[in-house]
Amino acid sequence: MGTLLLISAVLIGWAVIRIQPLIGHPHMERLERFHSSLAADRDKVVICLGDSLTHGNGSFDYVHALASRLEPWGYTVLNAGINGELAWNVLQRADKVISSEPAYVILLVGTNDARGTESEKVGERYIKEMKLPQPPSESFFAESYRELLDELCESSRIRVITVTLPPMGERTGGAMAPLLEGFNGLIENEARERGLTCVPLGKKLHERLLSDSFEDTPAYGAQLANRLIFKAMLRRYLLGWSWDRIGERHRMKLLTDMVHLNESSGLVLVDLLESSIRESSVSET
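The structure is reproduced here in structure tokens:
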């Protein structure tokens, strides 16, 4: 009996340690205490702003990977991603990012806005969980996204880099493709009109899928995506699988669960962002 209790305690402790990355927001606590004046070079402070794709505990952590590329060159890279957020939620906390006075803000948001439009039931869940003032819609996203850019661009100090959204599922021509095309068109147009850099992540990943994808990859659906997200978390944090291995198990090349990035797609984003930041830095000198 004592042996069983000991084994149970060890297993529980091990499980708690494994799932620790899913608990709390230590990266946001760091941001709360941060100001660019604390950095080695305040002209090289980068804040990545967005949802779970940026938070990085439910997918490949592109922020950490970007930091490993840039920090040896004197950059400070901070994570301001929160799981589940829509553009409206990010807008409500934009002032915290602006008050840190970064040199760059990378904005990747809109996936949850798109997911929330799939059905009335899904929209109601987002209203309740994310405390939204109205149901998710393309127009609600556009309004919130534009207002978010307005606030970020008010500071002449901040160079905003927008990022288009990755696909939802890897089946080309899927049900969500037209909606994402509209979202990405808006992101691109807003960047163009404001003279901002726009990183074409969606286009780059789409091109890859046209040349390399599983024939039996599943079609996107909210319920299936949620199940795959849950399975991905178990495989990552209890079994220690890589994000690429999880995606392959789910018959995907670039995503883990029809929503989140694996290593392969995450590194595509890191390459694009590193190039954009370095080019921007050179043009400023």
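For the sequence shown, numbering that gives the first Met the number 0 assigns the number 284 to the last residue and increments by one with no breaks. Note that beta-carbon positions come from the ideal geometry of N, C-alpha and C, so glycine has one too.
- With respect to L148, T163 sits apart: the two C-beta atoms are not nearer than 9 Å.
- Within the same chain, and ignoring the five residues on either side of L65 in sequence, the residues whose Cβ sits closer than 6 Å to its Cβ are V76, V269, L272.
- Assigned with DSSP and collapsed to three states, L254 falls in strand.
- Runs of the alpha helix (DSSP H) lying entirely within the region 171-235 and spanning at least 4 residues, in chain order: 176-193, 200-210.
- W87 counts as buried, since at least 16 other C-beta atoms from the protein chains shown sit within 10 angstroms of its C-beta.
- Taken atom to atom, the span from the alpha-carbon of E100 to that of G184 is near 29 Å.
- Here R158 is near L195, since their CB atoms are less than 9 Å apart.
- The three-state secondary structure of N78, taken from DSSP, is strand.
- Taking all protein chains shown into account, S51 has 16 or more neighbouring C-beta atoms within 10 Å of its C-beta and is therefore buried.
- DSSP links Y61 through a beta bridge to no other residue.
- Secondary structure at T53: helix, using DSSP grouped into helix, strand and coil.
- In the displayed model, R124 falls within a helix according to three-state DSSP.
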